[in-house]
Amino acid sequence: MAETVRRILDTVGVKRDRFYIDWASAAEGPRFVQLLTDFTERIRNLGPLGEAEGLSRERLQFRLEAARKLCSNMQFRAQYGNLAREIKKLGDYSPENIAQLVEKKLVPQIRKRILETEVRELLSRGPQSVDALAEATGASPEELAGILEAMEKGKKS
Amino acid sequence: MVEAGRSPNIEILTLAEVEALSGRPGNFKARVKVKPRYIDPEKCTACGQCMQYCPREAVDEYNERLDFTRAARIDFPQAVPTAYYIDEERCLHLNHETCMICTNVCGPKAIDFSQKPEVRELEVGAVVLTPGFGEVPDAALEKYGYGIYPDVMTSLEIERLMCVSGPSGGEILRPSDLSHPRKIAFLQCVGSRDVSCGRPFCSSVCCMYAMKEASMLKEHAPEAEITLFFMDVRTQGKGFDAAFERAVEKYGLRTVYARVPKVEEVSGRLGLTYVTEDGEVHRELFDLVVLSVGLSAPAGAEDLARRFGIELNPFGFARTSVADPLTAKPGIYVAGAFQGPKDIPESVMQASGAAAKVSELLAEARGKDQVAKEFPPEDQDLLSLPPRVGVFVCHCGVNIAGVVDVERVKEYAAQLPGVVYADTTVYSCAQDSLERLKEIIREHKLNRLVIAACSPRTHEPLFQETLREAGLNLALVEMANIRDQCAWVHADDPEAATRKAMDQVRMAVAKARRLRPLELQKVKVTPGALVVGGGAAGMAAALSIAEQGYEVYLVEREPELGGNLRRVRFLAEGEDPQKILKDLIRRVEKHPRIRVYTSASVENISGYVGNFTSTVRTQAGSEVINHGVVVVATGGREHRPSGYLYGESPKVVTQLEFEEKLSRGKRSLGKVKRVVMIQCAGSRGEELPHCSKLCCQQAVKNALRFKELHPDGEVIVLYRDMRTYGFYEELYREARKRGVVFLRYTPERRPRVEKKGRGVVVQAYDALLKEEVEIPADLVVLSVGIEADKENPVAQILKTPLTSEGFILEAHVKLKPVEVAVDGVYVCGLAHGPKPLSEVLAQARAAAAKAVVPLAKGFVEVPPIVSSVDQKKCIGCGICAALCPYSAIEMVKVDKRRKAQVISAACKGCGVCGSHCPVFAISLGGFTDEAILEQIRAFGLEEAQEAEKEVEKEAA
Amino acid sequence: MGFEPRILSFLCNWCCYAAADSAGVARFSYPPNNRVIRIMCTGRMDPRFVVEAFYVGSDGVFVGG
Numbered sequence: 000m001a002e003t004v005r006r007i008l009d010t011v012g013v014k015r016d017r018f019y020i021d022w023a024s025a026a027e028g029p030r031f032v033q034l035l036t037d038f039t040e041r042i043r044n045l046g047p048l049g050e051a052e053g054l055s056r057e058r059l060q061f062r063l064e065a066a067r068k069l070c071s072n073m074q075f076r077a078q079y080g081n082l083a084r085e086i087k088k089l090g091d092y093s094p095e096n097i098a099q100l101v102e103k104k105l106v107p108q109i110r111k112r113i114l115e116t117e118v119r120e121l122l123s124r125g126p127q128s129v130d131a132l133a134e135a136t137g138a139s140p141e142e143l144a145g146i147l148e149a150m151e152k153g154k155k156s
Numbered sequence: 000m001v002e003a004g005r006s007p008n009i010e011i012l013t014l015a016e017v018e019a020l021s022g023r024p025g026n027f028k029a030r031v032k033v034k035p036r037y038i039d040p041e042k043c044t045a046c047g048q049c050m051q052y053c054p055r056e057a058v059d060e061y062n063e064r065l066d067f068t069r070a071a072r073i074d075f076p077q078a079v080p081t082a083y084y085i086d087e088e089r090c091l092h093l094n095h096e097t098c099m100i101c102t103n104v105c106g107p108k109a110i111d112f113s114q115k116p117e118v119r120e121l122e123v124g125a126v127v128l129t130p131g132f133g134e135v136p137d138a139a140l141e142k143y144g145y146g147i148y149p150d151v152m153t154s155l156e157i158e159r160l161m162c163v164s165g166p167s168g169g170e171i172l173r174p175s176d177l178s179h180p181r182k183i184a185f186l187q188c189v190g191s192r193d194v195s196c197g198r199p200f201c202s203s204v205c206c207m208y209a210m211k212e213a214s215m216l217k218e219h220a221p222e223a224e225i226t227l228f229f230m231d232v233r234t235q236g237k238g239f240d241a242a243f244e245r246a247v248e249k250y251g252l253r254t255v256y257a258r259v260p261k262v263e264e265v266s267g268r269l270g271l272t273y274v275t276e277d278g279e280v281h282r283e284l285f286d287l288v289v290l291s292v293g294l295s296a297p298a299g300a301e302d303l304a305r306r307f308g309i310e311l312n313p314f315g316f317a318r319t320s321v322a323d324p325l326t327a328k329p330g331i332y333v334a335g336a337f338q339g340p341k342d343i344p345e346s347v348m349q350a351s352g353a354a355a356k357v358s359e360l361l362a363e364a365r366g367k368d369q370v371a372k373e374f375p376p377e378d379q380d381l382l383s384l385p386p387r388v389g390v391f392v393c394h395c396g397v398n399i400a401g402v403v404d405v406e407r408v409k410e411y412a413a414q415l416p417g418v419v420y421a422d423t424t425v426y427s428c429a430q431d432s433l434e435r436l437k438e439i440i441r442e443h444k445l446n447r448l449v450i451a452a453c454s455p456r457t458h459e460p461l462f463q464e465t466l467r468e469a470g471l472n473l474a475l476v477e478m479a480n481i482r483d484q485c486a487w488v489h490a491d492d493p494e495a496a497t498r499k500a501m502d503q504v505r506m507a508v509a510k511a512r513r514l515r516p517l518e519l520q521k522v523k524v525t526p527g528a529l530v531v532g533g534g535a536a537g538m539a540a541a542l543s544i545a546e547q548g549y550e551v552y553l554v555e556r557e558p559e560l561g562g563n564l565r566r567v568r569f570l571a572e573g574e575d576p577q578k579i580l581k582d583l584i585r586r587v588e589k590h591p592r593i594r595v596y597t598s599a600s601v602e603n604i605s606g607y608v609g610n611f612t613s614t615v616r617t618q619a620g621s622e623v624i625n626h627g628v629v630v631v632a633t634g635g636r637e638h639r640p641s642g643y644l645y646g647e648s649p650k651v652v653t654q655l656e657f658e659e660k661l662s663r664g665k666r667s668l669g670k671v672k673r674v675v676m677i678q679c680a681g682s683r684g685e686e687l688p689h690c691s692k693l694c695c696q697q698a699v700k701n702a703l704r705f706k707e708l709h710p711d712g713e714v715i716v717l718y719r720d721m722r723t724y725g726f727y728e729e730l731y732r733e734a735r736k737r738g739v740v741f742l743r744y745t746p747e748r749r750p751r752v753e754k755k756g757r758g759v760v761v762q763a764y765d766a767l768l769k770e771e772v773e774i775p776a777d778l779v780v781l782s783v784g785i786e787a788d789k790e791n792p793v794a795q796i797l798k799t800p801l802t803s804e805g806f807i808l809e810a811h812v813k814l815k816p817v818e819v820a821v822d823g824v825y826v827c828g829l830a831h832g833p834k835p836l837s838e839v840l841a842q843a844r845a846a847a848a849k850a851v852v853p854l855a856k857g858f859v860e861v862p863p864i865v866s867s868v869d870q871k872k873c874i875g876c877g878i879c880a881a882l883c884p885y886s887a888i889e890m891v892k893v894d895k896r897r898k899a900q901v902i903s904a905a906c907k908g909c910g911v912c913g914s915h916c917p918v919f920a921i922s923l924g925g926f927t928d929e930a931i932l933e934q935i936r937a938f939g940l941e942e943a944q945e946a947e948k949e950v951e952k953e954a955a
Numbered sequence: 000m001g002f003e004p005r006i007l008s009f010l011c012n013w014c015c016y017a018a019a020d021s022a023g024v025a026r027f028s029y030p031p032n033n034r035v036i037r038i039m040c041t042g043r044m045d046p047r048f049v050v051e052a053f054y055v056g057s058d059g060v061f062v063g064g
């Protein structure tokens with residue numbers, strides 16, 4: 000879950016440091032205090048959401064909206080669920096292993112789906128140049144070409 | 000108190016006294032005299048009109064005589080029963096046949112002056128005596144100027160003074176001039192450890208409560224300077240040392256080792272003269288002196304003892320034995336401070352233990368006259384209405400209201416969408432508040448509730464039950480935790496805390512609107528218990544459970560039963576530990592309902608409360624057993640300190656090793672003439688952080704034993720604080736009398752053991768001489784303390800939380816002292832924390848009592864926080880079934896299609912299934928996607944509101 | 000006035016939520032910037048919740064197991 004979230008945040012340009020997961024047992028009140036104090040300090044240093052990212056409010060909302068759609072998408076969720084199942088089967092919960100698997104199996108999906116959603120949304124607002132699309136989504140020209148091609152196909156069929 | 004008041008199986012007789020008891024265990028007749036209350040509690044609505052109009056003043060005993068009350072009164076609003084009464088000694092009508100104003104103003108006509116004393120004959124099987132403790136004699140207080148100087152107060156008075164509903168509304172004012180005291184002194188051991196007033200024993204609780212009161216005073220008045228005068232700091236309970244040190248540091252409390260002999264008045268202030276351990280005399284002025292008064296035997300104890308035919312100890316407390324610490328005589332049990340001074344956790348433990356004793360005695364009659372609690376059917380009309388949320392913001396006395404502006408939170412809550420009612424309550428969990436809650440639900444047709452108070456982890460069940468009583472489904476309440484996670488942790492920033500409380504309430508309301516009724520599930524219980532650990536604790540728990548009528552599987556790692564007790568040779572109380580041990584083993588081994596597994600280990604425990612399945616491995620092979628509950632009594636072990644030349648020199652031994660030598664008589668000691676004992680060797684911050692509670696009494700006991708064998712021998716005890724609490728203080732006094740020398744050391748200057756020639760010497764700092772002294776020793780005895788089994792495999796299997804020292808953490812120190820956070824798992828003995836044998840045996844019964852609750856009920860009600868699958872949406876991918884850590888989801892064929900299905904009884908509600916379901920077909924009761932998303936959105940709302948305000952501002 | 004971050008925490012009922020309660024019982028103090036959503040286990044966490052939290056303007060999201 001955590002690694003997937005980080006990758007989604009990376010994709011939409013939100014600093015992954017804004018998300019943090021850690022553990023404290025029921026007996027560890029002082030540890031909880033430490034975790035929360037440190038995390039608050041970290042976020043305080045990052046500044047308000049968007050500021051450290053250099054994203055305007057609208058841009059941020061726009062990009063997070065695409066991420067929301069991703070998280071509700073049935074195919075993506077199935078891929079996410081299947082990956083979790085695979086990890087459990089392997090029994091290797093090391094961060095390295097999880098990171099590697101997420102990189103291989105989910106990251107391409109995350110990028111593709113988010114960018115696709117964004118491109119669709121942008122195009123629905125009117126014609127856009129490829130440069131403008133790249134600027135708005137942070138996608139590489141190759142990625143954009145792929146997405147646009149897929150959309151063309153989709154229209155024809 | 001509230002729970003006892005609500006149980007249909009408990010009849011509470013107040014203003015009542017047992018006059019006589021006859022009969023035998025199992026079949027007693029008690030003659031009870033019930034004094035008239037003059038107000039019918041059935042009719043009384045606790046509106047308070049009678050008290051408001053009552054013209055007759057009376058001294059408020061409940062508030063420690065610091066205030067006045069009325070003849071018609073209730074002592075405090077949360078009293079059970081929540082009904083007023085009339086004080087017959089003060090009432091004008093009862094004494095002078097006048098007045099009767101109360102009769103006229105009482106709306107429900109509850110006043111009844113015709114009531115007469117009533118004598119009732121009760122048929123009971125057993126008796127539990129819990130009269131509590133009494134006050135210290137005035138003579139003990141007068142020594143310190145109490146009653147002469149108004150600014151000398153008792154700790155009990157301070158307790159009332161700090162209470163919001165107390166005489167000064169929670170403000171700390173000194174009585175002489177109603178000013179805020181700047182310098183406050185606490186004098187410990189008033190009416191304790193004092194032979195002159197007949198209280199030579201230690202009251203065990205005052206050091207901790209003084210620390211608590213001092214901390215609270217600092218919260219009320221941060222500028223106050225507080226000094227506590229101790230003889231010894233006796234914070235021997237579990238986690239107490241850490242709490243004490245934290246308070247001293249956080250609140251800047253000053254601690255002085257000195258017994259202040261008296262208090263004098265010096266121009267409006269109070270002068271204390273005292274001698275510190277370095278022999279220097281000090282004189283200091285204070286504005287307020289608090290006497291930390293001890294716990295005496297209850298008033299009328301002799302009378303009580305006579306009527307019940309039980310024995311008292313020389314100080315008027317009930318006499319019991321180590322082997323059976325809760326039995327005063329067959330069929331008559333004791334618990335709490337009447338058995339000896341003790342704190343709340345221990346009293347609660349003893350109370351449960353006494354209940355176990357009763358349950359053992361009356362096992363045959365179980366359930367005969369039981370009344371099951373009935374709830375009204377759910378009000379379908381009310382449930383079908385769109386969400387109508389009621390918000391209750393709790394003051395929790397000063398706990399919340401002292402920091403959070405509860406009025407503002409209430410006002411804010413009132414205008415939130417969906418909220419039709421909002422109010423504040425002083426204690427939302429009190430009986431009267433719960434009754435009011437039910438009325439308001441009916442009156443305002445509320446069908447969702449938000450309680451902004453403490454933690455749902457402790458109090459949600461109480462409110463859920465109240466909802467059921469009001470005809471609502473239990474799942475329709477949401478709590479906003481504005482105490483534990485708000486007021487208590489943001490006490491330094493009331494504004495931020497108030498805003499946080501408002502946010503949490505808004506989020507709770509948002510979630511409440513999305514709450515759906517859930518069905519409570521009943522699961523059958525396997526009527527057997529697994530007890531892990533065959534030491535004194537495990538055996539005593541096993542015996543009690545078996546005596547109460549249930550099967551027990553007792554698993555011991557070693558080839559023989561007995562655990563640490565096998566090594567104990569003498570007890571401070573004088574009884575023979577080996578006899579107690581033999582007796583326990585004999586009874587366990589011949590009990591038809593106990594199966595003993597020795598040289599055995601528990602390899603696996605799966606399942607949940609009521610239905611556990613475990614694998615026990617013995618030398619003969621593995622066996623699978625089914626049981627409903629687990630008692631963890633895995634013990635602890637003697638710590639092995641590094642340093643002190645332990646293990647390097649044969650002249651350095653532990654207390655248990657010394658005890659072994661002593662038990663073999665004078666000969667085994669050889670030429671040992673001088674014994675030096677070192678307390679806290681490795682404990683209290685050296686290698687082990689904690690105090691092991693029993694080493695001080697062990698040292699004193701062994702010192703006395705040595706003196707008995709060697710009247711000319713010398714014993715020197717080097718200690719930090721002598722913690723011979725309770726009646727163990729007698730032994731300490733005896734040891735001093737016999738010439739045992741006690742020398743205090745500070746943690747900065749711990750004693751060292753060094754080799755010198757062929758012998759050993761102890762280097763220690765003498766505070767009085769102000770120099771390092773070298774003490775040659777024939778034998779050095781280390782009081783090493785008890786350490787936890789860090790790798791406790793049973794705790795790991797059961798995933799029970801541990802303290803930082805590795806002891807098993809109880810679910811709640813006071814409310815659930817033998818329960819563990821995992822349902823159906825109980826703890827007792829050294830696995831819970833170090834303690835002497837009598838306390839272990841009492842706690843074992845307490846664990847047995849709690850463990851039998853689900854067994855006796857025959858079923859457990861599983862909280863409805865379980866997953867359910869919408870089979871219409873389910874696509875049969877099986878991800879959930881594969882991910883479920885508890886194998887609680889199975890794939891079934893429904894109309895030839897694969898569908899997921901939840902086994903509710905096995906579901907623990909973790910929600911991993913739902914968060915990984917591709918099609919959102921799984922929802923978790925009480926924590927649905929919609930509810931959580933709604934909470935997240937409500938969290939975001941504040942920002943939206945702020946933004947709106949900005950826009951408005953700009954527009955303006 | 001300095002920037003006061005708004006932090007949303009998802010805390011596990013058995014672990015971090017309990018730890019947070021015990022921090023209160025012991026009267027520790029920590030910054031008042033977080034708001035808490037109680038969940039029964041971190042297994043309940045759906046990436047969607049984190050994204051949603053940022054979407055509604057959270058400056059940071061903490062998940063405490």
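Note that the protein sequences, when read in sequence, are chains H, D and V.
Oh and the first sequence: position 64 is 63 in numbering that gives the first Met the number 0, straight run, nothing missing.
Oh and the second sequence: position 76 is 75 in numbering that gives the first Met the number 0, straight run, nothing missing.
Oh and the third sequence: position 40 is 39 in numbering that gives the first Met the number 0, straight run, nothing missing.
For each residue, glycine too, the CB sits at the ideal point set by N, CA and C.
Only a predicted model underlies this, so the values are computations on that prediction, with no experimental measurement involved.
At a CB-CB cut-off below 9 Å, which residues of chain D make contact with residue i?
| i | result |
| --- | --- |
| V/F48 | S914, D928, I931, L932, I935 |
| H/S24 | P800, L801, L808 |
At which residues does the beta strand (DSSP E) containing residue i begin and terminate?
| i | result |
| --- | --- |
| D/Q369 | No beta strand (DSSP E) contains D/Q369, which DSSP labels as neither H nor E. |
| D/E120 | 117-123 |
Here's a check: name, in chain order, each residue in its chain whose Cβ is nearer than 6 Å to the Cβ of residue i, leaving out the five neighbours to either side.
| i | result |
| --- | --- |
| D/A354 | A848 |
| D/P80 | P40 |
At a CB-CB cut-off below 8 Å, which residues of chain V make contact with residue i?
| i | result |
| --- | --- |
| H/T39 | P4, I6, Y29, P30, N32, N33, G59 |
Note down, in chain order, every chain V residue with its Cβ under 9 Å from the Cβ of residue i.
| i | result |
| --- | --- |
| H/M0 | T41, G42, M44, D45, P46, V49, V62 |
Just to confirm my understanding: we take residue i, look at its own chain, exclude 5 residues before and 5 after, and list those with CB closer than 8 Å. What are they?
| i | result |
| --- | --- |
| D/S178 | L172, D286 |
| D/E406 | T423 |
Can you give me the Cβ contacts of residue i inside the same chain, cut-off strictly under 7 Å, excluding the 5 residues immediately before and after it?
| i | result |
| --- | --- |
| D/T319 | L325, T326, A327, V333, Q338 |
Starting from the Cα of residue i, find the closest Cα among the options and give me that residue.
| i | options | result |
| --- | --- | --- |
| H/A149 | H/T116, H/I20, H/K103 | H/T116 |
| D/D502 | D/R30, D/Q934, D/Y61 | D/Q934 |
Subject >> At least 3 beta-carbon pairs within less than 8 Å: the region 232-251 of chain D vs the region 207-219 of chain D >> reply: Yes, since at least three Cβ pairs between the region 232-251 of chain D and the region 207-219 of chain D fall closer than 8 Å, the two stretches touch.
Original post:
Taking three-plus beta-carbon pairs below 8 Å as touching, is the region 22-41 of chain H in contact with the region 799-811 of chain D?
Top reply: Cβ pair count under 8 Å is three or more, so yes.
Original post:
Touching or not, the region 703-720 of chain D and the region 659-672 of chain D, by the rule of three or more beta carbon pairs under 8 Å?
Top reply: yes
Original post:
Within the chosen definition, does the region 834-844 of chain D reach the region 264-272 of chain D through at least 3 CB pairs nearer than 8 Å?
Top reply: no
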